[in-house]
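J.: In mature numbering (1 follows the signal peptide of the UniProt record, and there is no 0), the protein residues as written are -26 to -1, 1 to 221.
We put the CB at the ideal spot given by N, CA and C, even for glycine.
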């Protein structure tokens, strides 16, 4: 039977017949022992797949705050750019725009959707600067618009492959209070691991007392006829969710 194998191979590869035949024969006759070994791995998932809060294997890790700075009161409709602040900065030294970090550790490669909704309009805060003032004013009709979404690996995950980058990012979204809107959708076999969605560019300087550094990808439009209280601090609430299936 061995001779039959060698003859058949010699006919198919007529060049180097003698060398091939000798090598094959030597490999079969010089082998003194053969033994197989195994390598094993088992996966666990410490995180509750359906937890309370934001602690599951599919989660929003962090969201940068949005700041529109201090503006002059105007009776005309105005659109204000958000500003870069010193507290939103990556380890490499650049300042970041609004960014949302998502993590998919499920291991199922099913994809996901990042969505947002306004759950409280811009409302006047009390003197403590954190709680909504009872019977305070509201910036009725104000709209936050998000543009130019891009998805990339965070700096600490820069060596991870980008072939699974989520491929569907919405160009412009006017955030509303009537329903959740999809900003980024990762199809099956996309979005695994850690990603950050950026609304705007990274920059080398942030806003200081002398100059505002603005981001035109995140804007706030306020109608001119909306009442505004001098020196009042207003705050809106956005709710972000991560759905476990693609759009």
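1. With DSSP as the reference, identify every bridge partner of residue 98, one or two as the case may be.
2. In the DSSP assignment, the beta strand (DSSP E) including residue 156 goes from what residue to what residue?
3. Find out if the Cβ-Cβ distance for the pair residue 207, residue 60 is shorter than 9 Å.
4. If you draw a straight line from the C-alpha of residue 219 to the C-alpha of residue 135, how long is it?
5. With distances taken from CA atoms, which of 4, 34, 67, 5 is nearest residue 217?
6. Where does residue 150 sit, in a helix, a strand or coil, going by DSSP?
7. If we ignore side chains and look at the alpha-carbon of each, how far apart do residue 50 and residue 197 end up?
8. Taking buried to mean at least 16 other C-beta atoms within 10 Å of its own C-beta, is residue 8 buried or exposed?
9. In whole angstroms, what is the alpha-carbon distance linking residue 282 and residue 130?
10. Go through its chain and collect everything with a Cβ distance to residue 186's Cβ below 8 Å, but skip five positions before and after it.
11. Provide the residue(s) that pair with residue 171 in DSSP beta bridges, ordered along the chain.
12. Excluding the 5 residues flanking residue 87 on each side, which residues of the same chain have their C-beta closer than 8 Å to its C-beta?
13. If you run the structure through DSSP and keep just helix, strand and coil, what is residue 107?
14. Taking C-beta to C-beta, are residue 189 and residue 55 nearer than 9 Å?
15. Using three-state DSSP, classify residue 114 as helix, strand or coil.
16. My output table needs one value for residue 4: the three-state DSSP class, helix, strand or coil.
17. Give me whichever residues DSSP pairs with residue 89 in a beta bridge.
18. What does DSSP give as the partner residue(s) for residue 193 in the beta ladder?
19. Pick helix, strand or coil for residue 202, following the three-state DSSP scheme.
20. Under a Cβ-count criterion, where at least 16 other Cβ atoms within 10 Å of its own Cβ denotes burial, should residue 140 be classed as buried or exposed?
T.: In this structure, then:
1. Start at 1 with the first residue of the chain shown, and residue 98 comes out as number 124. DSSP, once it has assigned bridges, lists 208 as partnering residue 98.
2. Working through the chain shown from its first residue, we reach residue 156 at position 182. If you look at residue 156, you'll find it in the beta strand (DSSP E) that goes 155 to 160.
3. Numbered from 1 along the chain shown, position 233 holds the residue referred to as residue 207. Numbered from 1 along the chain shown, position 86 holds the residue referred to as residue 60. It is not a contact, given that the beta carbons lie outside the stated cut-off.
4. Numbered from 1 along the chain shown, position 245 holds the residue referred to as residue 219. Numbered from 1 along the chain shown, position 161 holds the residue referred to as residue 135. If you take the alpha carbons of residue 219 and residue 135, they lie about 21 Å apart.
5. Here residue 217 is taken as the residue at index 243 of the chain shown, counted from 1. The shortest Cα separation from residue 217 among 4, 34, 67, 5 belongs to 34.
6. Counting from one through the chain shown, the residue named residue 150 turns up at place 176. In the displayed model, residue 150 falls within coil according to three-state DSSP, outside both helix and strand.
7. Residue mapping note: residue 50 aligns to position 76 of the chain shown, counting from 1. Residue mapping note: residue 197 aligns to position 223 of the chain shown, counting from 1. Whole-angstrom Cα-Cα distance: 7 Å.
8. Residue 8 sits at position 34 when you count from the first residue of the chain shown. Flag for residue 8 reads exposed.
9. This structure gives no information on residue 282, because the portion of the chain shown stretches from -26 to 221.
10. Taking the chain shown and counting its residues from 1, the one referred to as residue 186 is at position 212. Cβ within range, chain order: 43, 57.
11. For the purposes of this step, residue 171 is taken as residue 197 along the chain shown, with counting starting at 1. According to DSSP, residue 171 bridges with 74, 125.
12. Working through the chain shown from its first residue, we reach residue 87 at position 113. If we look at residue 87 and ignore the five residues flanking it on each side, its Cβ neighbours are 156, 158, 159, 160, 216, 217, 219, 220, 221.
13. By one-based count along the chain shown, residue 107 stands at place 133. Coil, per DSSP.
14. Taking the chain shown and counting its residues from 1, one reaches residue 189 at position 215. Taking the chain shown and counting its residues from 1, one reaches residue 55 at position 81. Yes. Within cutoff.
15. Sequence index remark: in the chain shown, residue 114 carries index 140 (1-based). Coil, per DSSP.
16. Position 30 of the chain shown, counted from the first residue, corresponds to residue 4. DSSP, reduced to helix, strand and coil, places residue 4 within a helical segment of the structure shown.
17. Here residue 89 refers to the residue found at position 115 when the chain shown is read from its first residue. DSSP lists 156, 215 as the bridge partner or partners of residue 89.
18. The sequence position of residue 193 within the chain shown is 219, counting from 1. For residue 193, which the question treats as bridged, DSSP gives the partners 55, 119.
19. Residue 202 sits at position 228 when you count from the first residue of the chain shown. DSSP, read as helix, strand or coil, puts residue 202 in coil.
20. Residue mapping note: residue 140 aligns to position 166 of the chain shown, counting from 1. Buried: at least 16 other Cβ atoms inside 10 Å.
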